[in-house]
Structures are given as structure tokens and as C-alpha cells.
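For reference, the structure discussed in these notes is given below.
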Amino acid sequence: MNKQDFSKRKLIAATNPSSPIAEQFKTLRAGIHFSSVDKDYQTILVTSPEPESGKSTVSANLAICYAKQGKKTLLIDADMRKPTSHRTFGIHYNVGLSHLLADSGIELEDVCHQTEIDNLMVLTSGALVPNPNELLASKKMEQLIQQFAEQFDQIIIDTPPILASSDALVLTPYVEGAIVVLRSEKTLKDRAKTAVKLLQKTHVPIIGTVLNRVKNHSNSYYYYQ
Numbered sequence: 386m387n388k389q390d391f392s393k394r395k396l397i398a399a400t401n402p403s404s405p406i407a408e409q410f411k412t413l414r415a416g417i418h419f420s421s422v423d424k425d426y427q428t429i430l431v432t433s434p435e436p437e438s439g440k441s442t443v444s445a446n447l448a449i450c451y452a453k454q455g456k457k458t459l460l461i462d463a464d465m466r467k468p469t470s471h472r473t474f475g476i477h478y479n480v481g482l483s484h485l486l487a488d489s490g491i492e493l494e495d496v497c498h499q500t501e502i503d504n505l506m507v508l509t510s511g512a513l514v515p516n517p518n519e520l521l522a523s524k525k526m527e528q529l530i531q532q533f534a535e536q537f538d539q540i541i542i543d544t545p546p547i548l549a550s551s552d553a554l555v556l557t558p559y560v561e562g563a564i565v566v567l568r569s570e571k572t573l574k575d576r577a578k579t580a581v582k583l584l585q586k587t588h589v590p591i592i593g594t595v596l597n598r599v600k601n602h603s604n605s606y607y608y609y610q
């Protein structure tokens, strides 16, 4: 499978919007909407207990669903340890979030990339840095998210796995809700519970969980609970 085919497979909400899997992402978006009482969750953090759970795929497709709904959407790749958005969307990622946080001279418009999907922009992680946790916990990160909230209708933040680092946890004060992605037959129940408890300690609302790769006939589905 070449890189282009791989990206198409990951962005199924764009390439095959009528497919059962794409419909599950639309259901996830609708579930988020109906779970909010007073207002929509404008800034959403997506994480998982451990690597290879599918959180980045969920982040990308959820962002696509919001964009296709007509919302001006920004997908932020805040996984500075194992970034993926540049490959998924075919973006050169040398300049990205890490540069914005470390260099006050870089403008937002220089690092936010318009994708082939209307209303969807992507901010890649930028160059790998030795101190991602410090950058993400900085006042500058809080200010950036506030700026983005003024410019975009919806912000989806793809973060590292909770049990691998505390990067996701330090971002919780800046977001309005969190989604936890679990992989069927891979994520152990105890690890899932530990991840959820860590999030609960930050008092960020956990909007729900996505159970990834649940087998149903010949397809793998994503479910919102």
C-alpha cells in the first residue's frame, strides 16, 4: 500500500463519506453535539491510553466531519513525540506547533495549512523537540488556543497517549472536553480505567469514548459510547 492509498484509507470521512465507518464518525460528531447542554464543545482533546489505538485517525476524521458540516475547523497535531498529521494530509511539517511555541516571530498564517477539504486547516506538530511537555504546558500554548478559538468554529487536538506521557494532561485546562480512543482486543481494561481516572483528576469533561476496530462482518467500525 503506497502513502497516498494509506492516507485515503485513514481519511474515510472524506474519501467515502457514505461508508459505514464514515457514518460512525458522523454519529460521534452528533453525540458530542447532543452531550453538550449549554453550548457546543469548541475545543476537544483526543487521546488514548497507549500508542496505536487509532486516536490520530479518529481526530482527523472527526475534524473532517465538522468541516463538512460547514464549520471552520482546525486540527492541531500536538503529538510532538510521534506526529502523523503531516503524512495523513500530505503536508510538509518542518514548521508547525513547536515553532509557534518556541518562536514569537512566527505568524499563525505561516503554519496553518489549508487542506483539500473545504473548511479544514491543519497545524502540524513541527520539528521534534526535547521538551514537548514544557512547551505544551506553557502560557503561550494557552494563548494560542485562545487565539484559535476566535478564528475557528471547531478545534480538534490530537495528543499523545496518556500512559506514555503527561502531554495530554497538561493541555486539559485549555480545552472544553476530551475523547478517549480505545482499541478493541488491544487496550486492556485496567489501562483504560487508569487513563480515564487520570483525565478525571484534571476535571476536564470526558465527552465519551471511541472503541476502535470492533469487528462486524468484514468491516472495522468506530463506536461512540
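Start counting at 1 in the sequence shown, then tack on 385, and there's your number in the working numbering.
We treat Cβ as the ideally placed atom computed from N, Cα and C, and that holds for glycine.
Margin query: Please return the same chain residues whose Cβ sits closer than 7 Å to the Cβ of Thr544, not counting the five positions on each side in sequence.
Written below: Translated into the one-based positions of the sequence shown, residue 544 becomes position 159. Answer for Thr544: Leu430, Val431, Thr432, Ala463, Asp464, Asp552, Ala553 and Leu556, listed in chain order.
Note to self: Quick check on the DSSP output: what are the complete beta strand (DSSP E) runs of length 3 or more inside the stretch 437–478, in order along the chain?
What the structure shows: For the stretch 437–478, whole beta strand (DSSP E) runs of length 3 or above, ordered along the chain, are 458–462.
Next item on the list: Measure the CB-CB distance between Ile591 and Thr428 and report whether it falls below 8 Å.
Entry: The residue you call residue 591 lines up with position 206 of the sequence shown. The residue you call residue 428 lines up with position 43 of the sequence shown. Between Ile591 and Thr428, the CB-CB gap reaches or exceeds 8 Å.
Margin query: Tell me the residue span of the beta strand (DSSP E) that contains Gln528.
Written below: Locating residue 528 in the sequence shown gives position 143, counting from the first residue. Per DSSP, Gln528 lies in no beta strand (DSSP E); the unbroken alpha helix (DSSP H) holding it starts and ends at Lys524 to Gln536.
Notebook entry, point to check: Taking the C-alpha atoms as reference points, what is the distance between Leu596 and Leu485?
Noted result: Here residue 596 refers to the residue found at position 211 of the sequence shown. Here residue 485 refers to the residue found at position 100 of the sequence shown. Rounded to the nearest angstrom, the two C-alpha atoms are 33 Å apart.
Check: Considering only residues of the same chain and omitting the five flanking positions on each side of Leu396, which have a CB-CB separation below 7 Å?
Finding: On the sequence shown, residue 396 is found 11 positions in, with the first residue counted as 1. Cβ within range, chain order: Ala445, Asn446, Ile449 and Thr473.
Next item on the list: Could I get the ranges of all uninterrupted alpha helix (DSSP H) runs contained in the stretch 478–509, with 4 residues as the minimum, in chain order?
Entry: Listed in chain order, they are 482–487.
Item checked: Length of the line joining the Cα atoms of Val560 and Ser403 -> Start at 1 with the first residue of the sequence shown, and residue 560 comes out as number 175. Start at 1 with the first residue of the sequence shown, and residue 403 comes out as number 18. Annotation: Val560 to Ser403 spans about 30 Å, alpha carbon to alpha carbon.
Check: Under a three-way DSSP split, which group does Asn518 fall into?
Finding: As a first step, residue 518 must be located in the sequence shown, where it is residue number 133. Asn518 falls in the helix class under three-state DSSP.
Margin query: When you compare the CB positions of Ser510 and Gly475, do they come within less than 8 Å of one another, or not?
Written below: Sequence index remark: in the sequence shown, residue 510 carries index 125 (1-based). Sequence index remark: in the sequence shown, residue 475 carries index 90 (1-based). In this structure, Gly475 does not lie closer than 8 Å to Ser510 by Cβ.
Checklist line | Inter-residue spacing [alpha-carbon to alpha-carbon] between Asp495 and Ser489 | finding: As a working note, residue 495 is residue 110 in the sequence shown. As a working note, residue 489 is residue 104 in the sequence shown. Cα to Cα, the separation comes out at about 12 Å.
Item checked: Rounded C-alpha distance that separates Val507 from Glu535 -> Within the sequence shown, the letter at position 122 stands for residue 507. Within the sequence shown, the letter at position 150 stands for residue 535. Taking the straight line joining both Cα atoms gives about 16 Å.
Next item on the list: Would you mind giving the Cβ-Cβ distance between Leu443 and Ser483, rounded to the nearest angstrom? I have them listed as a contact below 8 Å.
Entry: Here the question's residue 443 lines up with position 58 in the sequence shown. Here the question's residue 483 lines up with position 98 in the sequence shown. Going by the sequence as given, residue 443 is Val instead of Leu. Not a contact, Cβ separation roughly 23 Å.
Next item on the list: Verify whether the separation of the beta carbon atoms of Thr458 and Ile406 is less than 8 Å.
Entry: For the purposes of this step, residue 458 is taken as residue 73 along the sequence shown, with counting starting at 1. For the purposes of this step, residue 406 is taken as residue 21 along the sequence shown, with counting starting at 1. No, the pair does not count as a contact, with Cβ atoms beyond the cut-off.
Next item on the list: Kindly give me the distance between the Cβ atoms of Lys440 and Val566, rounded to whole angstroms, as I take these residues to be in contact under 8 Å.
Entry: By one-based count along the sequence shown, residue 440 stands at place 55. By one-based count along the sequence shown, residue 566 stands at place 181. About 4 Å separates the Cβ atoms of Lys440 and Val566, confirming a contact at the 8 Å cut-off.
Notebook entry, point to check: How should Thr400 be labelled, buried or exposed, when 16 other C-beta atoms within 10 angstroms of its C-beta is the threshold for buried?
Noted result: Position 15 of the sequence shown, counting from 1, holds the residue named residue 400. When all chains shown are included, Thr400 counts as exposed.
Notebook entry, point to check: Is the distance from the Cβ of Pro546 to the Cβ of Glu435 below 8 Å?
Noted result: As a working mapping, residue 546 is identified with position 161 in the sequence shown. As a working mapping, residue 435 is identified with position 50 in the sequence shown. In this structure, Glu435 lies closer than 8 Å to Pro546 by Cβ.
Checklist line | Secondary structure, alpha helix (DSSP H): runs of 4+ residues fully inside the stretch 537–576 | finding: Runs found: 552–556.
Next item on the list: Measure the alpha-carbon distance for Phe391 versus Thr469 and round it to whole angstroms.
Entry: For the purposes of this step, residue 391 is taken as the residue at position 6 of the sequence shown. For the purposes of this step, residue 469 is taken as the residue at position 84 of the sequence shown. Below a pLDDT of 50, predicted positions are generally treated as unreliable, and Phe391, at 41, falls in that range; the measurement from the model is reported next regardless. When rounded, the distance between both Cα atoms is 12 Å.
Checklist line | Exposure of Asn479, with buried meaning 16 or more beta-carbon neighbours within 10 Å | finding: Working through the sequence shown from its first residue, we reach residue 479 at position 94. With fewer than 16 other Cβ atoms within 10 Å, it is exposed.
Next item on the list: Kindly indicate which three-state DSSP category Thr587 falls into: helix, strand or coil?
Entry: Position 202 of the sequence shown, counting from 1, holds the residue named residue 587. In this structure, Thr587 counts as coil in the three-state DSSP scheme.
Next item on the list: Return the Cβ separation of Ile502 and Ala452 in integer angstroms, given the expectation that the two are a contact with Cβ distance under 8 Å.
Entry: The residue labelled residue 502 in the question sits at position 117 within the sequence shown. The residue labelled residue 452 in the question sits at position 67 within the sequence shown. 5 Å between Cβ atoms; contact.
Next item on the list: Compute the distance between the beta-carbons of Leu505 and Leu460, then report whether it is under 8 Å.
Entry: For the purposes of this step, residue 505 is identified with residue 120 of the sequence shown, where counting begins at 1. For the purposes of this step, residue 460 is identified with residue 75 of the sequence shown, where counting begins at 1. Taking 8 Å as the Cβ cut-off, Leu505 and Leu460 qualify as a contacting pair.
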